[in-house]
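A quick write-up on the structure given underneath.
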Amino acid sequence: MSEFADVADATSFLKAPSGLAEYSLGPALDLANECLDLASPTYWMTEVLNAVFGFNPLDEVMKALVGDWEAYSRCGQAWGHVGEAFGALAQNITAGNTTLDRTWDGHAADAAFTYFYGLSSRLSDIGAEFDTLRGGYEDAAQAVYFAAKALKDYLSGLSDKAVIAALELAAGSALSVTGVGAVIGYGLAGLEVAAMLKQWGRATELLGKTQGLVLGAVATVEVASSAITKLTTEFVKVSAYDHPAPTV
Numbered sequence: 225m226s227e228f229a230d231v232a233d234a235t236s237f238l239k240a241p242s243g244l245a246e247y248s249l250g251p252a253l254d255l256a257n258e259c260l261d262l263a264s265p266t267y268w269m270t271e272v273l274n275a276v277f278g279f280n281p282l283d284e285v286m287k288a289l290v291g292d293w294e295a296y297s298r299c300g301q302a303w304g305h306v307g308e309a310f311g312a313l314a315q316n317i318t319a320g321n322t323t324l325d326r327t328w329d330g331h332a333a334d335a336a337f338t339y340f341y342g343l344s345s346r347l348s349d350i351g352a353e354f355d356t357l358r359g360g361y362e363d364a365a366q367a368v369y370f371a372a373k374a375l376k377d378y379l380s381g382l383s384d385k386a387v388i389a390a391l392e393l394a395a396g397s398a399l400s401v402t403g404v405g406a407v408i409g410y411g412l413a414g415l416e417v418a419a420m421l422k423q424w425g426r427a428t429e430l431l432g433k434t435q436g437l438v439l440g441a442v443a444t445v446e447v448a449s450s451a452i453t454k455l456t457t458e459f460v461k462v463s464a465y466d467h468p469a470p471t472v
């Protein structure tokens, strides 16, 4: 029976996710902290943002991206581990089937080979779909990761411009008695507002692209989930192997 030893240990893949291997979602968490830090102490800066945009851009970014994306990525890793376990099972069945085929001939042997070949193929297909599922989760998490890194810089620049605009508006109002001071103050504030609009335009463009990437990843997850459901539902039709002629 030693000839039928497993070639892969399926249980070795059934382990808890180890965390984020290739990247950290720290920027997404930093982005949330950045939004909170920027918005909380400066009421007058928030008023400038609301006056320019009609809403607070910091709140919009928070609603769009903030979430436990690190847990989402770990979930993807877990699906990948399940897929690897299915792949290992398929390898073991294929290896055993090949060994059996070398020493057993006849109609019963052919039927057994066909059965175990189909079983191995089904397990391999299920494993591949779980790997696709992992990829979808990872793509979504990566999209948010890279967006958060860029948006953190955009929002920091936007907030800086809002602060400068607020100071220049205040200076314009304070110097309004001279006329010239008001023109200079309000004029400089107008330049900052124009720069803010441009900065927010870049941020919204990035948000749109990120949303598209996440939706694409979600579509991948949905297709893979549907395929797994179909494969596992039809799996019961394989049933247990029944020797067609026990006396042969």
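Letter 122 of the sequence shown, counting from 1, is numbered 346 in this note's numbering, and no numbers are missing. Even glycine gets a Cβ: it sits at the ideal position worked out from N, Cα and C. Being a predicted model, the structure only gives us computed values, none of them experimental.
From which residue to which residue does the alpha helix (DSSP H) around residue i run?
| i | result |
| --- | --- |
| Ser-297 | 293–327 |
| Asp-283 | 281–289 |
Please state the DSSP three-state secondary structure of residue i.
| i | result |
| --- | --- |
| Leu-455 | helix |
| Leu-238 | coil |
| Asp-334 | helix |
| Val-445 | helix |
| Gly-278 | coil |
| Val-231 | coil |
Counting C-beta neighbours from all protein chains within 10 Å, is the total for residue i 16 or more, i.e. buried, or is it exposed?
| i | result |
| --- | --- |
| Ala-229 | exposed |
| Trp-424 | buried |
| Arg-326 | exposed |
| Thr-235 | exposed |
| Leu-238 | exposed |
| Ser-297 | buried |
| Gly-330 | exposed |
| Glu-353 | buried |
| Glu-458 | exposed |
| Lys-454 | exposed |
| Glu-308 | buried |
| Ala-398 | Note on Ala-398: pLDDT 42, under 50, position unreliable in the model; the coordinate value appears next. Under this definition Ala-398 is an exposed residue. |
| Gly-342 | exposed |
| Gly-300 | buried |
| Ser-242 | exposed |
| Ser-383 | buried |
| Glu-416 | buried |
With a cut-off of 8 Å on the beta carbons, I'd call residue i and residue j a contact; round off their distance for me.
| i | j | result |
| --- | --- | --- |
| Leu-437 | Asp-363 | 7 Å |
| Asn-321 | Ser-344 | 7 Å |
| Val-285 | Leu-357 | Not quite, the Cβ-Cβ distance comes to about 28 Å (not below 8 Å), so this is no contact. |
| Leu-431 | Ala-335 | Going by Cβ atoms, the distance from Leu-431 to Ala-335 rounds to 58 Å, so no, they are not a contact pair. |
| Gly-314 | Gly-360 | The sequence as given places Ala at residue 314; Gly does not occur at that position. No, Ala-314 and Gly-360 are not in contact; Cβ-Cβ is about 22 Å, not under 8 Å. |
| Ala-367 | Thr-434 | 5 Å |
| Leu-282 | Leu-379 | 6 Å |
| Ala-365 | Trp-293 | 5 Å |
| Val-276 | Met-420 | 6 Å |
| Ala-386 | Val-290 | Not quite, the Cβ-Cβ distance comes to about 20 Å (not below 8 Å), so this is no contact. |
| Gln-240 | Asn-316 | It is worth fixing the name first, because residue 240 is Ala in this sequence and not Gln. Not a contact, Cβ separation roughly 23 Å. |
Would the beta-carbon of residue i be found less than 7 Å away from any heavy atom of the ligand NAP?
| i | result |
| --- | --- |
| Ala-240 | The ligand NAP is not part of the structure shown, which contains no ligands of any sort. |
Please decide whether residue i counts as near chain D, where near means a Cβ-Cβ distance under 8 Å.
| i | result |
| --- | --- |
| Thr-453 | You won't find chain D in this structure, because it holds only one protein chain. |
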